[in-house]
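Asks: The numbering of the sequence shown is our numbering, which starts it at 51 and goes up by one.
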Amino acid sequence: MLVMWVYVGSAPRPGRALDAVDAIGITVLGFAFAMMATGKHDGEQAELVPLLAVGWTLVARAALVPSHAVRTAVLGFTATTPLIVMTYVIADQAPVMRAIYASFWTSTAIITTTVISRIIYGLVRQVRQAMKVGQYTLVESIGAGGMGVVYRADHALLRRPTAIKLLAADKAGVTDIARFEREVQVTSRLTHPNTVAIYDFGRTPEGVFYYAMEYLEGLTLEHLVKASGPLPPARAIHLVSQVCGALHEAHVSGVVDRDVKPANVIVTTRG
């Protein structure tokens with residue numbers, strides 16, 4: 051089990067691999083609990099402690115591992131069947147009744163965990179759906195302003211990192227959003243290498259305007275100056291000339307950036 055824990059936690063794994071680890075882990079535990087029942091318990095029914103253990107294990111799995119209800123039911127049956135069989139095999143008296151007793155409590159655990167999984171899986175799907183904007187899935191918030199929030203996102207098909215800005219109607223007025231929409235349309239046609247590329251824009255079914263743009267890894271100019279101090283004149287001129295080139299193309303196209311500041315300039319390497 052420790053090997054499985056290390057495997058899952060050491061790096062992101064594909065869904066099929068995680069499903070396999072889940073199934074193997076719960077099956078191994080089921081057989082382990084069944085073997086526990088072979089021990090001596092001073093006259094008590096040997097299966098009682100394993101029954102409690104397997105029940106709580108199934109509950110913990112249902113609460114911690116988002117899973118379809120059918121999968122939870124199947125894995126629950128797989129995990130509890132060895133214990134029921136072992137209860138019948140080791141019983142000195144009334145083996146059938148003790149097996150039925152064990153079946154009742156394991157069935158109760160399976161039904162309970164199936165309901166838990168159905169509720170949690172449904173909530174997870176709702177959250178995932180809420181985190182979708184068109185073909186993009188929001189991953190994490192990377193910034194916020196007076197009229198919206200910027201998220202890092204992934205495209206459903208292209209699998210490329212993207213930055214998405216959402217402009218909520220309750221933070222930006224109708225006039226502001228209309229202006230942003232016009233400017234985004236023009237900005238999407240800009241070709242200067244130091245201008246962030248606009249990939250897409252539109253509105254969500256709830257009426258929230260968004261636009262998807264190139265996601266850049268790097269420091270802002272503000273953070274760079276705070277970390278390194280005043281820049282050498284040659285480097286400062288080099289950076290400012292690139293910013294001016296991008297702004298010139300925007301101005302010629304009729305776009306005026308109203309928020310030019312070091313915090314909005316990303317220093318990065320392309321190519």
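Even glycine gets a Cβ: it sits at the ideal position worked out from N, Cα and C.
I'd like to know if the segment 187 to 194 and the segment 142 to 149 are in contact, where contact means that at least 3 CB-CB pairs between them fall below 8 angstroms.
Replies: At 8 angstroms Cβ cutoff, the stretches do not touch.
Asks: So, do the segment 107 to 114 and the segment 160 to 179 have three or more beta carbon pairs nearer to each other than 8 angstroms?
Replies: yes
Asks: Quick check on the DSSP output: the beta strand (DSSP E) that includes residue 264 runs from which residue to which?
Replies: Here residue 264 refers to the residue found at position 214 when the sequence shown is read from its first residue. Segment 259 to 264, the beta strand (DSSP E) holding residue 264.
Asks: Just reading off the alpha helix (DSSP H) that residue 276 is part of, what are its end residues?
Replies: Counted from its first residue, the sequence shown places residue 276 at position 226. Residue 276 -> alpha helix (DSSP H) spans 271 to 278.
Asks: Among the candidates 217, 115 and 241, whose CA atom is the shortest distance from the CA of residue 254?
Replies: Sequence index remark: in the sequence shown, residue 254 carries index 204 (1-based). Here the closest residue by C-alpha is 217.
Asks: Going straight from the alpha carbon of residue 157 to that of residue 65, what length do you get?
Replies: Position 107 of the sequence shown holds residue 157. Position 15 of the sequence shown holds residue 65. Near 28 angstroms, if we compare the C-alpha coordinates of residue 65 and residue 157.
Asks: When the distance is taken between beta carbons, is residue 236 closer than 7 angstroms to residue 305?
Replies: Looking up residue 305 in the sequence shown gives position 255. Looking up residue 236 in the sequence shown gives position 186. Contact flag set, yes.
Asks: Judging by CA-CA distance, which residue of 171, 230, 319 and 103 is the nearest neighbour of residue 289?
Replies: Mapped onto the sequence shown, residue 289 falls at position 239. Here the closest residue by C-alpha is 319.
Asks: Classify residue 268: buried if its beta carbon has 16 or more other beta carbons within 10 angstroms, exposed otherwise.
Replies: Indexing the sequence shown from 1 puts residue 268 at position 218. Exposed.
Asks: Taking the alpha-carbon positions, what's the residue 68 to residue 84 distance?
Replies: The residue labelled residue 68 in the question sits at position 18 within the sequence shown. The residue labelled residue 84 in the question sits at position 34 within the sequence shown. Rounded to whole angstroms, the separation of the alpha carbons of residue 84 and residue 68 is 24 angstroms.
Asks: For residue 70, count neighbouring C-beta atoms within 10 Å of its own C-beta (all shown protein chains included) and say buried if the count is 16 or more, exposed if not.
Replies: Mapped onto the sequence shown, residue 70 falls at position 20. So residue 70 ends up on the exposed side.
Asks: Which partner residues of residue 204 appear in the DSSP bridge assignment?
Replies: For the purposes of this step, residue 204 is taken as residue 154 along the sequence shown, with counting starting at 1. Answer by DSSP bridge pairing, in chain order: 187 and 211.
Asks: With H, G and I counted as helix, E and B as strand and the rest as coil, what does DSSP make of residue 250?
Replies: As a first step, residue 250 is located in the sequence shown; it is residue number 200 there, counting from the start. DSSP places residue 250 in strand when its eight states are reduced to three.
Asks: Identify the residues that DSSP records as bridge partners of residue 182: which are they?
Replies: Numbered from 1 along the sequence shown, position 132 holds the residue referred to as residue 182. In the DSSP output, where bridge partners are listed per residue, residue 182 has 187.
Asks: Could you check how far apart the C-beta atoms of residue 258 and residue 312 are, in whole angstroms? I think they sit under 8 angstroms.
Replies: What you label residue 258 is simply residue 208 of the sequence shown in a count that begins at 1. What you label residue 312 is simply residue 262 of the sequence shown in a count that begins at 1. Actually they do not touch by this definition, with Cβ atoms about 29 angstroms apart.
Asks: Out of curiosity, what's the CA-to-CA distance linking residue 324 and residue 172?
Replies: Any answer about residue 324 is impossible in this case: the structure gives the chain only from 51 up to 321.
Asks: Mark residue 93 as exposed unless 16 or more other C-beta atoms lie within 10 angstroms of its C-beta, in which case mark it buried.
Replies: By one-based count along the sequence shown, residue 93 stands at place 43. Note that residue 93 has pLDDT 48, beneath the 50 cutoff, so the model's placement of it is unreliable and the number below is only indicative. Counting other Cβ atoms within 10 Å of its Cβ, residue 93 stays below 16 and is therefore classed as exposed.
Asks: With distance defined between alpha-carbon atoms, name the residue in 203, 260 and 244 nearest to residue 226.
Replies: Start at 1 with the first residue of the sequence shown, and residue 226 comes out as number 176. Answer by Cα proximity: 260.
Asks: Please report the straight-line C-alpha distance between residue 302 and residue 240, rounded to a whole angstrom.
Replies: The residue given as residue 302 occupies position 252 in the sequence shown. The residue given as residue 240 occupies position 190 in the sequence shown. Taking the CA atoms as reference points, residue 302 sits about 10 angstroms from residue 240.
Asks: Using the Cβ count rule (16 or more neighbours within 10 Å means buried), how would you classify residue 291?
Replies: For this step, residue 291 is matched to residue 241 along the sequence shown. The residue is exposed, with fewer than 16 neighbouring Cβ atoms inside 10 Å.
Asks: DSSP three-state label for residue 87, please.
Replies: Counted from its first residue, the sequence shown places residue 87 at position 37. Here DSSP, grouped into helix, strand and coil, assigns residue 87 to coil.
Asks: If you follow the alpha helix (DSSP H) that residue 103 is in, where does it begin and where does it stop?
Replies: Along the sequence shown, one-based indexing puts residue 103 at 53. From DSSP, the alpha helix (DSSP H) with residue 103 extends over 98 to 114.
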